[in-house]
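J.: Just dropping this structure here.
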Amino acid sequence: MILLIFAIAAGCMVAEYFWPAMEMPRVRAWWPRVLLINAIQLGITVLAGQTWNRWLAQASLFHLGQNLGPWSSALIVYVFSTFVYYWWHRYRHESPFLWRTLHQIHHSARR
C-alpha cells in the first residue's frame, strides 16, 4: 500500500512538473527544499504511526482489528485520520509560527 502511495505521489509530481496548472516563478533550490520538508514530515508521520501502534495497541478503546473486518476498519481509520489531518492543516494556516516554519512552502515558491 505504501508503495502505491509513493507511486501516485511521484506521478503527480512528474505531471505537475511537465504540465503545471499555472506558471510559477522559478526559484533556485525549490524542489530540493520541498522534497526535504516533505520527507521530514513523512518520517514524522511514519514514526508517530509506529509509536502509536506499538505503545497504544493494548489501550485501544475499540479494538477495530478484532471486532470488524479489514475493510470496515480501514474505512473508519481513514475517516478519523482525515478528520484529524483536516484540523491540523487548518491549524497550520492559523498559527503564524506553524505557517512560517512548516506550511508556507506548501503554498508558495517564495518565503
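In the working numbering, the protein residues as written are 2 to 112.
We put the beta carbon where it would ideally sit given N, CA and C, even for glycine.
1) Consult DSSP for H90 and reduce its assignment to one of helix, strand or coil.
2) Three-state secondary structure (DSSP) at A8?
3) Comparing C-alpha positions only, which one of R27, G12, R34 and R29 sits nearest to H107?
4) What number of angstroms, rounded off, separates the C-alpha of P57 from the C-alpha of A30?
5) Short of 7 Å in beta carbon distance, which residues of its chain neighbour V47, apart from the five on each side in sequence? Order them along the chain.
6) Can you grab the Cα-Cα spacing for the pair R91 / L99, in whole Å?
7) Rounded C-beta distance between L65 and S74? I'm assuming under 8 Å.
T.: So, from the listed chains and residues:
1) Looking up residue 90 in the sequence shown gives position 89. Correct three-state label for H90: helix.
2) As a first step, residue 8 is located in the sequence shown; it is residue number 7 there, counting from the start. Three-state DSSP puts A8 in a helix.
3) Stepping through the sequence shown from its first residue, residue 107 is reached at position 106. Closest option to H107, Cα to Cα, is R34.
4) Translated into positions along the sequence shown, residue 57 becomes position 56. Translated into positions along the sequence shown, residue 30 becomes position 29. Looking at the sequence provided, one finds Leu at residue 57 rather than Pro. So the two alpha carbons sit approximately 40 Å from each other.
5) For the purposes of this step, residue 47 is taken as the residue at position 46 of the sequence shown. Result list for V47: empty, nothing under 7 Å.
6) Numbered from 1 along the sequence shown, position 90 holds the residue referred to as residue 91. Numbered from 1 along the sequence shown, position 98 holds the residue referred to as residue 99. If I take the Cα positions, the gap works out to 10 Å.
7) Walking along the sequence shown from the start, residue 65 turns up at place 64. Walking along the sequence shown from the start, residue 74 turns up at place 73. Right, their Cβ atoms sit about 4 Å apart.
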